[in-house]
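S.K.:
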Amino acid sequence: REEEGQDRGRLAVQLNLAACALKLADANGALEHCNTALRIDPGNAKALFRRGCAENALDRWDEAKLDLRAVLAGDPKNLPARKELQSLLNKEKAHKQKLKGTYGGFFQKIGGFASSNRDTPSSFPKSPPLEDMPPPPEDFSSPDANATSGEGITDSSNPVQDVQPPPPPGPGEVDPSKPNIANDSEEVLTEAETRG
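If you read the sequence shown in the UniProt record's numbering, its first letter stands for residue 1, the second for the next number, and so on.
1) Judging by CA-CA distance, which residue of D59, E92, G74 and G9 is the nearest neighbour of N28?
2) Alpha carbon to alpha carbon, how far is E32 from G101?
3) Pick from G52, G9 and A57: whose alpha carbon is nearest that of D67?
4) Please classify Q6 as buried or exposed, where buried requires at least 16 other C-beta atoms within 10 Å of its C-beta.
5) Which residue marks the beginning of the alpha helix (DSSP H) containing A12, and which one marks its end?
6) If you compare alpha carbons, which of T36, K65 and L15 is closest to K46?
7) Count the other CB atoms within 10 Å of the CB of R39; is the residue buried (16 or more) or exposed (fewer)?
8) Shortest alpha-carbon distance to N44 belongs to which of R69, A21, L24 and N56?
9) Let's see if you can read the secondary structure: which residues bound the alpha helix (DSSP H) around L58?
10) Apart from the five residues just before and just after C34, which ones in its own chain have a Cβ nearer than 7 Å to its Cβ?
11) Please state whether the Cβ-Cβ distance between K65 and L88 is less than 8 Å.
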């Protein structure tokens, strides 16, 4: 029983802090206090309403709509929640109009890109459907057609097979593919000798 009283007290404090944060235009602070209040009492109408207001201020319209509609589901006549939801819907609509004005001309300039009702330019002929295309001729075979069976592959078809590795170096000869350590050390000695 004492614990219930403490929870009610903590809930009231969190709700008051959220209201103060909203008055001070601290939407993030209000959001934190509302989330704390909702952990104490999930479904609390005041916490949901204030969180919806904070989310609206942060332009998180989908989350705000969920919270405000949850408040209205419990109390359809809640006038502040109705006004906030209407404000949110108007704000969202104005934002969409602004985007349409900003980007609408862009899409018209490039021929209706991403528009579902645009026509295909006449310079690009439409290809016939696959089922209307004639079958390939009988003697047609792709380069890979015989690759799986091994037919048609000759030694001359692979130019890498014709390349022979160079012969190994003879006694006293230097292998050009390996670094010449002896020459490098001689150069170092020569430099050391010239300094001294």
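All C-beta atoms in this analysis are idealised placements derived from N, C-alpha and C, irrespective of residue type, glycine included.
M.R.: Answer, in terms of the structure:
1) By 1-based counting over the sequence shown, the position of residue 28 is 28. If we check each option's Cα against that of N28, D59 comes out closest.
2) The sequence position of residue 32 within the sequence shown is 32, counting from 1. The sequence position of residue 101 within the sequence shown is 101, counting from 1. Cα-Cα distance, rounded: 35 Å.
3) Taking the sequence shown and counting its residues from 1, the one referred to as residue 67 is at position 67. Out of G52, G9 and A57, G52 has the C-alpha closest to the C-alpha of D67.
4) Numbered from 1 along the sequence shown, position 6 holds the residue referred to as residue 6. Classification for Q6: exposed.
5) Here residue 12 corresponds to residue number 12 of the sequence shown, with the count starting at 1. Taken as a continuous stretch (DSSP letters only), the alpha helix (DSSP H) holding A12 covers E2 to K23.
6) Counting from 1 along the sequence shown, the entry for residue 46 is found at position 46. Among T36, K65 and L15, the Cα nearest to that of K46 belongs to L15.
7) For the purposes of this step, residue 39 is taken as the residue at position 39 of the sequence shown. Its Cβ having fewer than 16 others within 10 Å, R39 is exposed.
8) Residue numbering aside, residue 44 sits at position 44 when the sequence shown is read from its first letter. Comparing Cα positions, the closest option is R69.
9) Taking the first residue of the sequence shown as position 1, residue 58 is located at position 58. Careful: L58 lies outside any alpha helix (DSSP H) and carries neither H nor E.
10) Reading the sequence shown from its first residue, position 34 is the one you call residue 34. Taken in chain order, the residues that qualify are A18, A47, R50, R51 and A54.
11) Here residue 65 is taken as the residue at index 65 of the sequence shown, counted from 1. Here residue 88 is taken as the residue at index 88 of the sequence shown, counted from 1. Yes, these two residues count as a Cβ contact at 8 Å.
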